[in-house]
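Trainee: To start, I am sharing the structure in question, which I have written as structure tokens.
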Amino acid sequence: MSTIPSDKPVLVTCGLPYANGKAHVGHLRTYIPADIFVRSLNKNSQETTFVCGSDTHGTPIVVNAEELGITPKELMQKYHVHFDEVFKKMGVGFDAYGTTDDETNHNRTLEIVNKLIDKGYVYPKVIEIAYCSQCDRFLPDRYVAGTCPHCGEKARGDECDQGCGKHLEPGELKEPLCTICNGPAEYKEQEHFFFKLSEFNDFLMDHLEHLGGTLNARNYAMGWIKQELTDWCITRNLEWGVKFPGHDDLVVYVWVDAPIGYMAFTEQWAEATGGDWEKFWKGDCPIVHFIGGDIIYHHCIFWPAMLKGADYSQPSAVVASGMLKIQDKTFSKSRGYVVWVEEDYLDHGFHPDLLRYYLVSYTSHTKEVNFSWKIFQDKINTELVGVLGNFLYRNLLFTFKNFGEIPEGDIDPEVIEKINSTIEEVIRANSEYEFKKAADTAMALASYGNSYFQSNEPWKLIKEDKAACGKVVKNCIQLAKALILLFEPMAPGSMAVAWKQIGMDSDVHAVTYEEATVPVVSGTKLAKPGILFTKLEDDKIDEMEEISSMRVKAAMDKEAGIKEEEKMEFKDEIEYDDFAKLDIRVGKILTAEKVKKSKKLLRLEVDIGDEAPRQVVAGLAEHYEPEEMIGKTVNVLVNLKPVKLCGVESQGMLLAADAGEKVSLLSTDKDMDPGSSIC
Numbered sequence: 001m002s003t004i005p006s007d008k009p010v011l012v013t014c015g016l017p018y019a020n021g022k023a024h025v026g027h028l029r030t031y032i033p034a035d036i037f038v039r040s041l042n043k044n045s046q047e048t049t050f051v052c053g054s055d056t057h058g059t060p061i062v063v064n065a066e067e068l069g070i071t072p073k074e075l076m077q078k079y080h081v082h083f084d085e086v087f088k089k090m091g092v093g094f095d096a097y098g099t100t101d102d103e104t105n106h107n108r109t110l111e112i113v114n115k116l117i118d119k120g121y122v123y124p125k126v127i128e129i130a131y132c133s134q135c136d137r138f139l140p141d142r143y144v145a146g147t148c149p150h151c152g153e154k155a156r157g158d159e160c161d162q163g164c165g166k167h168l169e170p171g172e173l174k175e176p177l178c179t180i181c182n183g184p185a186e187y188k189e190q191e192h193f194f195f196k197l198s199e200f201n202d203f204l205m206d207h208l209e210h211l212g213g214t215l216n217a218r219n220y221a222m223g224w225i226k227q228e229l230t231d232w233c234i235t236r237n238l239e240w241g242v243k244f245p246g247h248d249d250l251v252v253y254v255w256v257d258a259p260i261g262y263m264a265f266t267e268q269w270a271e272a273t274g275g276d277w278e279k280f281w282k283g284d285c286p287i288v289h290f291i292g293g294d295i296i297y298h299h300c301i302f303w304p305a306m307l308k309g310a311d312y313s314q315p316s317a318v319v320a321s322g323m324l325k326i327q328d329k330t331f332s333k334s335r336g337y338v339v340w341v342e343e344d345y346l347d348h349g350f351h352p353d354l355l356r357y358y359l360v361s362y363t364s365h366t367k368e369v370n371f372s373w374k375i376f377q378d379k380i381n382t383e384l385v386g387v388l389g390n391f392l393y394r395n396l397l398f399t400f401k402n403f404g405e406i407p408e409g410d411i412d413p414e415v416i417e418k419i420n421s422t423i424e425e426v427i428r429a430n431s432e433y434e435f436k437k438a439a440d441t442a443m444a445l446a447s448y449g450n451s452y453f454q455s456n457e458p459w460k461l462i463k464e465d466k467a468a469c470g471k472v473v474k475n476c477i478q479l480a481k482a483l484i485l486l487f488e489p490m491a492p493g494s495m496a497v498a499w500k501q502i503g504m505d506s507d508v509h510a511v512t513y514e515e516a517t518v519p520v521v522s523g524t525k526l527a528k529p530g531i532l533f534t535k536l537e538d539d540k541i542d543e544m545e546e547i548s549s550m551r552v553k554a555a556m557d558k559e560a561g562i563k564e565e566e567k568m569e570f571k572d573e574i575e576y577d578d579f580a581k582l583d584i585r586v587g588k589i590l591t592a593e594k595v596k597k598s599k600k601l602l603r604l605e606v607d608i609g610d611e612a613p614r615q616v617v618a619g620l621a622e623h624y625e626p627e628e629m630i631g632k633t634v635n636v637l638v639n640l641k642p643v644k645l646c647g648v649e650s651q652g653m654l655l656a657a658d659a660g661e662k663v664s665l666l667s668t669d670k671d672m673d674p675g676s677s678i679c
């Protein structure tokens, strides 16, 4: 569905990348199509502004920074620079790229929040917040984990990420745990501030009825509204972020200041260029948001309600992409199913245009994309190399060898008609966010060019009628000109080279579709062309698949708790005499308590058949509660040299099976007296 008037400037934004990790192919699922959309609008002579920036606030950044021993600002600046550079390398050309920690965004966020307060859309409320007594701090969002109250699955503080996917408000988690010390948390009352989202139900129903973009976004949001909206808590207990007005101990929730970043970045663009940011945010010029499918709720419900409450314009369209799979597996950084843009792609010499083309031509924008190295290879070799690249190279090389310039001749009306109909279809497809259809339509014109060249047999005509041959190749160069303009949004770097190869000295990125049917000029000198797209060889693809496989294996090994030195082989063989030195006996645990100053250790008293119990310190506190240890029959290595752990002497070692997150004490399958020998 398109709501983009052709006579007005358009603002296009992308969901903000979170500045706490590297760019992966999943990120590009949003940014590449958005960039192609902007370039296609420019090709259709439509004025556009394209803005984005790094999302720099929220608990994950604070948590990561604390783990690394640096400040949140240092962490976010590192990854902000990283994303900015990666986008430029991939040909994504933002008109402004800022951060949500910029002064502009702080100021605009405070202006909007204060307006919402003044209009009665924000109110205080005393609620229960998870609190860790051991860490002596309230626990916002990612600092707390527990059980989802809706589906019973494990969940984090702001979202049931492992189960039903529902947004969770502070205080909703059951059985809360502190993610810092892994200790139990409790709920304490504290005043926070809420946005009256529930008051915008009728407005949002009407807004969604007229919202353009992709149907998956609109339909998903409609479903939520029909379930009845609840007010949102918009403050958090953090020092890092935009301070909530009048409360230095609170910051605004990241989903307040992050989308306001779109507005702030537009302001920065206007300041740098002399443009007018208010024509978008206070006027009627269209705003198009490109986002991932996982943040539809925020962009179709929370964001427009907040804009309405603060008297700003509404988004015209929300374009939500399908998710990404890696090698037909659900995308997961922790499990190794990830392709990093720099180290796995650019650093291996792959051209940015290949990935750009793959991401938009693989399937419909709203459907799931499967990144597979083999499918990637086949698509590039078959289409970019075998169809488009083949047509451009064979025609230009033939023309260069036999003419050295663009020859004389008229352009066939059939060729002009074919070019015009292709451009019309591509414009229509892009305006409806059907990027695969646009790519397929453009590639069909390249196939037509190959057929035109082949059927006219210029290699025969050159011997029989050079003038007739010249007309054929001039028509092919006209087709090449149109193809270069059509593929520039998808493959801007390669098409800039191709533009020069047909003798053009203008900037291909600034040339519009209208130029596609302007006849190429006879007599224009041509240089020997180079090959634009080279075949991806099996050896290179096999290498990339091996890298992926090793990463998955390493992640699985880590998840299973297998140590590096244990992965490939068993420990060295020993003689029986070596084993006979071990004195292992059956023991019964009499008492158990946690060791102070330690999260992992338990102090145990174990009956091993001696006159007095043996004191053993075991690293089992993360796997067993002290109470459940009492009375267990265990296997104990009793002739291990005593050692002090956290100041407590351990006079033996309990035997256990260790599979990383799962640990199980070893016992006997029959009742045995304490002190019985294990042999």
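Read in order, the letters of the sequence shown are residues 1 to 679 in UniProt numbering. Glycine included, every Cβ here is placed at the ideal spot set by N, Cα and C.
1. Tell me, which residues are paired with H167 by DSSP?
2. Is it right to say L215 is buried, meaning 16 or more other beta carbons lie within 10 angstroms of its own, or is it exposed?
3. So, does the segment 10–17 touch the segment 336–356, judging by three or more C-beta pairs under 8 Å?
4. Looking at the structure shown, is E343 part of a helix, part of a strand, or coil, going by DSSP?
5. Return yes when the Cβ of D231 is within less than 8 Å of the Cβ of F195, no when it is not.
6. When you compare only the Cα positions, how much space is there between I562 and G120?
7. Going by beta-carbon coordinates alone, are K374 and I541 separated by less than 8 Å?
8. Give the C-beta separation of A621 and L601 to the nearest angstrom, bearing in mind that I take them to be a contact with Cβ-Cβ under 8 Å.
9. Any heavy atom of the ligand ATP closer than 7 Å to the CB of K418?
10. Counting only the same chain and skipping the five closest in sequence on each side, list residues whose C-beta sits under 6 Å from that of R614.
11. Could you check if V638 is buried or exposed, using at least 16 other CB atoms within 10 Å of its CB as the buried criterion?
12. Report the three-state DSSP secondary structure of A438 (helix, strand or coil).
13. Helix or strand or just coil, what does DSSP make of A621?
14. Are I234 and N201 close, meaning C-beta to C-beta below 8 Å?
15. Out of curiosity, what's the CA-to-CA distance linking N390 and E67?
16. The beta strand (DSSP E) spanning G26 covers which residue range?
17. Would you kindly report the start and end of the unbroken alpha helix (DSSP H) that includes Y88?
18. Which whole runs of the beta strand (DSSP E) in the segment 275–344 are 3 residues long or more, in chain order?
19. Quick check on DSSP: helix, strand or coil for Q651?
20. Express the C-alpha separation of K481 and A527 in angstroms, rounding to a whole number.
21. What's the gap between the Cα of I291 and the Cα of S321?
22. Assuming the contact rule is C-beta atoms closer than 8 Å, K535 and V387 should be a hit. Round their C-beta distance to whole Å, please.
23. Does the Cβ-Cβ distance between C148 and G171 come in under 8 Å?
24. Starting from K588, trace the beta strand (DSSP E) in both directions and tell me its first and last residue.
25. Is DSSP giving S667 helix, strand or coil here?
26. Determine contact between the segment 502–519 and the segment 356–373, defined as no fewer than three beta-carbon pairs at a distance below 8 Å.
27. Just tell me which of S451, H27, A23 and V10 has its CA closest to the CA of F37.
28. Touching or not, the segment 101–119 and the segment 254–266, by the rule of three or more beta carbon pairs under 8 Å?
29. Which runs of the beta strand (DSSP E) fall wholly inside the segment 388–448 and span at least 3 residues, in chain order?
30. Beta-carbon within less than 6 Å of Y253's beta-carbon, same chain only, minus the 5 sequence neighbours each way: which residues are those?
31. What's the gap between the Cα of D249 and the Cα of Y624?
32. Please go through the same chain and pick out, in chain order, the residues whose beta-carbon is closer than 7 Å to the beta-carbon of V595, but skip the five residues on each side of it.
33. Assuming R142 is part of the beta strand (DSSP E), what are its boundary residues?
34. Roughly how many whole angstroms lie between the Cα atoms of P529 and L397?
35. Please list, in chain order, all residues of the same chain as C181 whose beta carbon is under 8 Å from its beta carbon, the five residues on each side excluded.
Mentor: Quick look at the numbers:
1. Mapped onto the sequence shown, residue 167 falls at position 167. Answer is E159.
2. Position 215 of the sequence shown, counted from the first residue, corresponds to residue 215. A residue is called buried once 16 or more other Cβ atoms fall within 10 Å of its Cβ, and L215, having fewer, is exposed.
3. no
4. Walking along the sequence shown from the start, residue 343 turns up at place 343. The answer is coil: DSSP assigns E343 none of H, G, I, E or B.
5. Here residue 195 corresponds to residue number 195 of the sequence shown, with the count starting at 1. Here residue 231 corresponds to residue number 231 of the sequence shown, with the count starting at 1. In contact: F195 and D231 (Cβ atoms closer than 8 Å).
6. Walking along the sequence shown from the start, residue 562 turns up at place 562. Walking along the sequence shown from the start, residue 120 turns up at place 120. With a pLDDT of only 48 at I562, under 50, the local geometry of the prediction cannot be trusted, and no value is derived from it.
7. Within the sequence shown, the letter at position 374 stands for residue 374. Within the sequence shown, the letter at position 541 stands for residue 541. Yes, these two residues count as a Cβ contact at 8 Å.
8. For the purposes of this step, residue 621 is taken as residue 621 along the sequence shown, with counting starting at 1. For the purposes of this step, residue 601 is taken as residue 601 along the sequence shown, with counting starting at 1. The C-beta distance from A621 to L601 rounds to 6 Å, short enough to fall under 8 Å.
9. In terms of ligand content, the structure shown is empty, and the ligand ATP therefore cannot be addressed.
10. Taking the sequence shown and counting its residues from 1, the one referred to as residue 614 is at position 614. Result list for R614: V606, I608, Q651 and G652, in chain order.
11. Translated into positions along the sequence shown, residue 638 becomes position 638. It is buried - the Cβ of V638 has at least 16 other Cβ atoms within 10 Å.
12. In the sequence shown, residue 438 corresponds to position 438, counting from 1. Here A438 sits in helix by DSSP.
13. Here residue 621 refers to the residue found at position 621 when the sequence shown is read from its first residue. Residue state, collapsed to three classes: coil.
14. Working through the sequence shown from its first residue, we reach residue 234 at position 234. Working through the sequence shown from its first residue, we reach residue 201 at position 201. Cβ atoms of I234 and N201: not closer than 8 Å.
15. The residue you call residue 390 lines up with position 390 of the sequence shown. The residue you call residue 67 lines up with position 67 of the sequence shown. In a straight line, the C-alpha of N390 is about 52 Å away from that of E67.
16. By 1-based counting over the sequence shown, the position of residue 26 is 26. Careful: G26 lies outside any beta strand (DSSP E), inside the alpha helix (DSSP H) at V25 to K43.
17. Locating residue 88 in the sequence shown gives position 88, counting from the first residue. With the sequence shown as reference, residue 88 is identified as Lys, and Tyr is not the correct amino acid for it. First-last of the alpha helix (DSSP H) with K88: P72 to K89.
18. 287–292, 317–321 and 324–326
19. To locate residue 651, count along the sequence shown from 1; it is residue 651. If DSSP states are grouped into helix, strand and coil, Q651 belongs with coil.
20. Numbered from 1 along the sequence shown, position 527 holds the residue referred to as residue 527. Numbered from 1 along the sequence shown, position 481 holds the residue referred to as residue 481. Between the alpha carbons of A527 and K481 lies a distance of about 16 Å.
21. On the sequence shown, position 291 is the one that residue 291 refers to. On the sequence shown, position 321 is the one that residue 321 refers to. Their backbone Cα atoms lie some 6 Å apart in a straight line.
22. For the purposes of this step, residue 535 is identified with residue 535 of the sequence shown, where counting begins at 1. For the purposes of this step, residue 387 is identified with residue 387 of the sequence shown, where counting begins at 1. For K535 against V387, the beta-carbon gap comes to about 13 Å, at or over 8 Å, which does not count as contact.
23. If you number the sequence shown from 1, residue 148 lands on position 148. If you number the sequence shown from 1, residue 171 lands on position 171. No, these two residues do not count as a Cβ contact at 8 Å.
24. Sequence index remark: in the sequence shown, residue 588 carries index 588 (1-based). Per DSSP, K588 belongs to the beta strand (DSSP E) from I584 to K594.
25. Numbered from its first residue, the sequence shown carries residue 667 at position 667. DSSP places S667 in coil when its eight states are reduced to three.
26. no
27. For the purposes of this step, residue 37 is identified with residue 37 of the sequence shown, where counting begins at 1. Comparing Cα positions, the closest option is V10.
28. yes
29. none
30. Reading the sequence shown from its first residue, position 253 is the one you call residue 253. Counting only Cβ-Cβ distances below 6 Å, and skipping sequence neighbours, we find I234 and R236.
31. Residue mapping note: residue 249 aligns to position 249 of the sequence shown, counting from 1. Residue mapping note: residue 624 aligns to position 624 of the sequence shown, counting from 1. So the alpha carbons of these two residues sit roughly 37 Å apart.
32. The residue given as residue 595 occupies position 595 in the sequence shown. So the list reads L601, L602, R603, V617, C646 and V648, once near-sequence residues are dropped.
33. Within the sequence shown, residue 142 is the residue found at index 142, counting from 1. Unbroken run through R142: none, as it is neither H nor E.
34. The residue given as residue 529 occupies position 529 in the sequence shown. The residue given as residue 397 occupies position 397 in the sequence shown. So the alpha carbons of these two residues sit roughly 6 Å apart.
35. On the sequence shown, residue 181 is found 181 positions in, with the first residue counted as 1. Result list for C181: C132, Q134, C135 and K599, in chain order.
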